[in-house]
Amino acid sequence: MTQSLTNFLGRLLLVGCGNMAGAMLDRWLAAGLDRGRVAIVDPFATPRDGVVQYPSLGEWQAANSAADWIMLGMKPQQLGDVADVLAPHVTADVHLMSILAGVSLSDLTARFPGGGAHVRILPNLAARIGSGVTAVATSGDADNAAIAALLDPLGHTVRLADDSTMDLVTAFTGSGPAFVFRLIESYAAAGERLGLSAEDSLALATATFGGATALLADSGEKPGVLIAQVASKGGTTQAGLDVLDSDGQLAALLTNVLRAARDRGRELADLARGET
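With the working numbering, the residue at position 138 of the sequence shown is 128, and numbering never jumps.
In structure tokens, the structure reads:
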């Protein structure tokens, strides 16, 4: 059941409203967030009925607009230019939220020293349907109840003690859906190469992955327990597992995938700080 935001009374500004920020906003609007309390600064964002949109922060300023909650959703390397204009508006009673990869809470504090609370959020795209995973870390005098009210409609929330592991979480859960989609795509392609039609192979792959993850979540068991329930000694499943498990190649591959994504997050942080 979608958590209601009909009683959320803060004024919300989204600076940047691309795929991820847009997915969050659409979920919030579906949960009852008052459209009249939302503004977007993004010349390329998809218009939303009842939500005012500005092509630049300068035009937002010229309209004498204000916000109690500001979410940064543009590219991390734009942080410096955005902060130059926005910092005077981030005062002690404003919550500054960021979904910018690689930009730490200390980076936000340095760029927006007058802010009350800084909130670093790492969502993923499944937030669009309320099935996302969102990691959150805060600094300053954060309104944790209001933050929870905003994040609950997006799916499962994990509160971190600090943001020291956020680069890894960015790779693990933020980028994770794309990795899963690639696995499904590759699984379907393998089925097609072995004789299934493209349509049937994708449908079966999607249902298989979806059902397996739903069963895992519902069972409360570890994956290995469920693997043992599917695989029998000398059977077809075990023959396939023997290939997957050969020489630890799958675990090594996924480790390298996550490492590359994590390290890119750190590079983006350096770009945001102007260090490269």
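Ideal Cβ placement from N, Cα and C applies to all residues, glycine included.
Classify residue i: buried if its beta carbon has 16 or more other beta carbons within 10 angstroms, exposed otherwise.
i	result
F171	exposed
P78	exposed
F34	exposed
M(-9)	Residue confidence is low: M(-9) scores 47 on pLDDT, short of 50, so the model does not pin down where it sits. Its coordinate-derived value is still stated next. By the 10 Å Cβ count, M(-9) comes out exposed.
V215	exposed
R101	buried
I137	buried
V233	exposed
V41	buried
L144	buried
R149	exposed
D237	exposed
G230	exposed
P66	buried
A262	buried
D97	buried
R110	buried
L244	exposed
L258	buried
Please return the same chain residues whose Cβ sits closer than 7 Å to the Cβ of residue i, not counting the five positions on each side in sequence.
i	result
G63	L4, V5, G6, C7, G8, M10, A11, I89
L192	A178
E211	none
T(-4)	G22
E175	none
F169	V247
M14	P113, A117, L144
L240	L234
F162	L248
P167	N114, L115, A116
Could you spell out where the alpha helix (DSSP H) holding residue i opens and where it closes?
i	result
S176	166 to 183
R17	9 to 20
I217	213 to 220
T128	From DSSP, T128 is part of no alpha helix (DSSP H) but of the beta strand (DSSP E) over 122 to 130.
R38	Here R38 belongs to no alpha helix (DSSP H), and DSSP marks it neither H nor E.
T203	188 to 209
Q51	47 to 52
G230	226 to 234
L(-1)	Looking at the DSSP string, L(-1) is not in any alpha helix (DSSP H), and its letter there is neither H nor E.
A73	69 to 76
T99	95 to 101
L140	134 to 141
D157	156 to 159
What residue does the beta strand (DSSP E) around residue i start on, and which one ends it?
i	result
Q269	Past the boundaries of the shown model lies residue 269; the chain is included only from -9 to 266, so the question cannot be answered.
A107	107 to 112
L3	2 to 5
V84	Taken as a continuous stretch (DSSP letters only), V84 belongs to no beta strand (DSSP E), as it is neither H nor E.
M61	59 to 62
I30	28 to 31
Got a sec? Which residues, its chain only, sit under 8 Å from residue i by beta carbon, not counting five neighbours each side?
i	result
Q228	A221, S222
T160	A91, G92, L112, A251, R252, G255
A151	A127
N134	T128
R25	L19, R38, D39, G40, V41
A29	R1, L2, L3, L4, V41, V42, Q43, Y44, W50, S55, A57
L76	V5, L47, I60, F102
Please name the residue or residues paired with residue i in a DSSP beta bridge.
i	result
V247	According to DSSP, V247 bridges with nothing at all.
R149	V126
Please return the same chain residues whose Cβ sits closer than 6 Å to the Cβ of residue i, not counting the five positions on each side in sequence.
i	result
M61	L4, M87
A57	R1, L3
G164	L112, N114
H146	V123
P45	P33
Please report the Cβ distance between residue i and residue j, rounded to the nearest whole angstrom; I am assuming they are in contact, meaning their Cβ atoms lie under 8 Å.
i	j	result
M156	A107	With a Cβ gap of about 16 Å, M156 and A107 do not count as contacting.
L95	D153	5 Å
P213	L205	No, P213 and L205 are not in contact; Cβ-Cβ is about 10 Å, not under 8 Å.
G70	G264	6 Å
G120	R17	6 Å
Any beta carbon of chain D sitting closer than 8 Å to that of residue i?
i	result
T245	Annotation note: the requested chain D is absent from the structure, which comprises a single protein chain.
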